[in-house]
Structure formats: structure tokens, C-alpha cells
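Everything on this sheet refers to the single structure shown next.
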Amino acid sequence: MIPNLELNLTKIPVIDLSSNQFEGSIPSFLSEIPFSMGSLASMDNLVLRNNSLSGQLPSSLKNFSNKLALLDLGENKFHGPLPSWIGDSLQNLEILSLRSNNFYGSLPSNLCYLTKLQVLDLSLNNISGRIPTCVDQDFKNADKFLKTIDLSSNHLTEFLDLSRNHLSGKIPSSLAHIDRLTMLNFSNNELYGEIPIGTQLQTFNASSFEGNSNLCGEPLDRKCPEEEPEKPQLPTTDAVNVPNRISYRIM
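Using full-length UniProt numbering, the final residue of the sequence shown is 251, and nothing's skipped along the way.
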């Protein structure tokens, strides 16, 4: 396990303990120092990727909220639902990787509060449910948001990997209007319906959408079933003979 060292973290901007053989939970010296002490005020990057760390993410990681821009806990053995406090408390995150763990449950809508996020990798977990509807709103308002707040180096989400989970439902239509993704992967989920047609989604390889048996439309070869054209409705006898009656159909 990671030794429980008594460190003065006041001026340490980066901790990288990746690719070791650490196991157990995140030690207290990383996560349980009261934020009022200011001990974590300069922490920019925390990388614990590729170990054997386990347990649920301790809520005391919220102590990093002041400056933390990169949180990489991928390729470990963490489990439990994705905590909503990530979106509430770590709003300076630019890179969040929790890939290849044992997280389960739905995507918390609070993730949409991570407005500086450029990389989001939640692949290889057991996440289920629908993509939060707030994703719709964030992408719809992206241009307005960028004009009113100084995010000069931000391009919102450039890398979105939600592959190999159990996400269901339709891909939010607003994703069709984004044009800043360099990588997208929705493969091996339970998504259905037509892939939204827009500026960028059709430019990704079909492999980004494969493994969703009820998903259709470009770039997949699977065509969506065409809707049958509606037959024109002829006026009924009653509609012709009775002026006060209107013949109509529900659209």
C-alpha cells in the first residue's frame, strides 16, 4: 500500500505514483487533511493510475478543489457509484480519467458542472443508465458560455470515451452540433435509435458506435428504418355535409 507519510504538501503541485504495485485505499495524507489548513492549495495533478488501489473514492478528495486540474485514478480496483461531489467540488478539472475500474450506477448529472473539462475517460466500468440530459444543455449553450466567461484555453470536452458500459437510450441530439471532439467512443453499450446527423458525429469511424445492436445511421452501415409516408386523408361525408364539424388528424 502507499505509505502513510506525513508530508507537507503546501508547495507540491504534482503527485505521480502511477504504474506501481500499490494496493489498498487512498491514504489519509493524500485525502484527509482539512482544506482549511491550506495543505493542498497548490496541488495541480494527482496521478495514481495503474496500481491496485481499491475501495470507494473518499469524499475527502474534495480538499483538492482549489486548483486540481488533472485527476487520473484509472486502471485500479475502485468501486461504487460515481460520486456526485466530483462535479460539485472539482470544477477546475481539465482531465478526469476513471477508466478501467469497477464503478457502477448512472452518470451523475453533476458531471456537467465540469465546464473546463477537456478529457473525460470513463471507459471499462459498469456504468449504466442514460447519458444525462444536462449534457444537452451544456453543449447547446457552449458558444454563449465561452463568450461570457474567460476560458481561453478551454475547448470543453475534446475526448469523450464512454465505451464498454451499459448506457441506454438515444444519443442526445445536441451532440450533433459540437465540432471540437477529437475522439469519441460510444461503442459496446445499449444505445438505440438514429445517430444524430450533424457537423461531426458522422466523421468518426464506425467502430466508435459498434456494439449497440439497435443503433443505426451513419457512420454505421446499418440503415434506420424509413418511416412510411402518411396517406392523405380524404374528407368524410360528415365533414362535408356538416359545416360545424372539422375533420382532422393528430400529427
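Note that beta-carbon positions come from the ideal geometry of N, C-alpha and C, so glycine has one too.
For my contact list, Pro83 and Ser59 are in at a C-beta cut-off of 8 Å; report their separation, rounded to the angstrom.
For the purposes of this step, residue 83 is taken as residue 83 along the sequence shown, with counting starting at 1. For the purposes of this step, residue 59 is taken as residue 59 along the sequence shown, with counting starting at 1. Your pair Pro83 and Ser59 checks out as a contact, with CB atoms roughly 7 Å apart and the cut at 8 Å.
For Gly87, count the other beta carbons within 10 Å of its own beta carbon; 16 or more makes it buried, fewer makes it exposed. Which is it?
Taking the first residue of the sequence shown as position 1, residue 87 is located at position 87. Buried, by the Cβ-count rule.
Sub-8 Å separation of Ser208 and Ser187 beta-carbons:
Against the sequence shown, residue 208 aligns to sequence position 208. Against the sequence shown, residue 187 aligns to sequence position 187. In this structure, Ser187 lies closer than 8 Å to Ser208 by Cβ.
Which of helix, strand or coil does DSSP assign to Ser123?
Here residue 123 refers to the residue found at position 123 when the sequence shown is read from its first residue. Residue state, collapsed to three classes: coil.
Within this structure, are the beta carbons of Pro61 and Leu96 separated by less than 8 Å?
Taking the first residue of the sequence shown as position 1, residue 61 is located at position 61. Taking the first residue of the sequence shown as position 1, residue 96 is located at position 96. Pro is not the amino acid found at residue 61; the sequence shown has Leu there. For Leu61 and Leu96, no; Cβs fall outside 8 Å.
Apply the 10 Å Cβ neighbour rule to Met43 and answer buried if 16 or more other Cβ atoms are within range, or exposed otherwise.
As a first step, residue 43 is located in the sequence shown; it is residue number 43 there, counting from the start. Met43 counts as buried, since at least 16 other C-beta atoms from the protein chains shown sit within 10 angstroms of its C-beta.
What does the Cβ neighbour count give for Asn125, buried or exposed, with the cut at 16 atoms within 10 Å?
For the purposes of this step, residue 125 is taken as residue 125 along the sequence shown, with counting starting at 1. Around the Cβ of Asn125, a 10 Å sphere holds 16 or more other Cβ atoms; the residue is buried.
Leaving out five residues before and five after Ser54 in sequence, what residues of the same chain have Cβ atoms less than 6 Å from its Cβ?
Along the sequence shown, read from residue 1 onward, the residue named residue 54 stands at position 54. The residues are Lys77.
Do Gly217 and Glu194 have their C-beta atoms within less than 8 Å of each other?
Along the sequence shown, read from residue 1 onward, the residue named residue 217 stands at position 217. Along the sequence shown, read from residue 1 onward, the residue named residue 194 stands at position 194. The answer is yes: Cβ separation under 8 Å.
Report the three-state DSSP secondary structure of Leu184 (helix, strand or coil).
Stepping through the sequence shown from its first residue, residue 184 is reached at position 184. DSSP places Leu184 within a strand segment (E or B) once states are collapsed to three.
Whole angstroms are fine: how far does the CA of Leu120 sit from the CA of Ser28?
By 1-based counting over the sequence shown, the position of residue 28 is 28. By 1-based counting over the sequence shown, the position of residue 120 is 120. At Ser28 the pLDDT is 47, less than 50, meaning the model places this residue with poor confidence; the figure from the coordinates comes in the next sentence. So the two alpha carbons sit approximately 26 Å from each other.
Between Leu122, Cys224, Gln118 and Leu175, which lies nearest to Phe204 when the distance is taken from Cα to Cα?
Here residue 204 corresponds to residue number 204 of the sequence shown, with the count starting at 1. Nearest of Leu122, Cys224, Gln118 and Leu175 to Phe204, Cα basis: Leu175.
Spell out the partners DSSP gives Cys216 in its beta bridges.
For this step, residue 216 is matched to residue 216 along the sequence shown. Glu194.
What residue range does the beta strand (DSSP E) around Asp72 cover?
Position 72 of the sequence shown, counted from the first residue, corresponds to residue 72. Counting along the chain, Asp72 sits inside the beta strand (DSSP E) bounded by residues Leu70 to Asp72.
Between which two residues does the alpha helix (DSSP H) containing Ser89 stretch?
For this step, residue 89 is matched to residue 89 along the sequence shown. Here the alpha helix (DSSP H) through Ser89 covers Trp85 to Ser89.
Quick check on Glu226: buried or exposed, where buried means 16 or more other Cβ atoms within 10 Å of its Cβ?
For the purposes of this step, residue 226 is taken as residue 226 along the sequence shown, with counting starting at 1. Flag for Glu226 reads exposed.
Determine the DSSP secondary structure at Asn45, reduced to helix, strand or coil.
The residue you call residue 45 lines up with position 45 of the sequence shown. Residue state, collapsed to three classes: strand.
So Leu117 and Leu98 are in contact, right, with Cβ under 8 Å, and what is the actual spacing, rounded?
Residue mapping note: residue 117 aligns to position 117 of the sequence shown, counting from 1. Residue mapping note: residue 98 aligns to position 98 of the sequence shown, counting from 1. Not really, about 13 Å apart at Cβ, beyond 8 Å.
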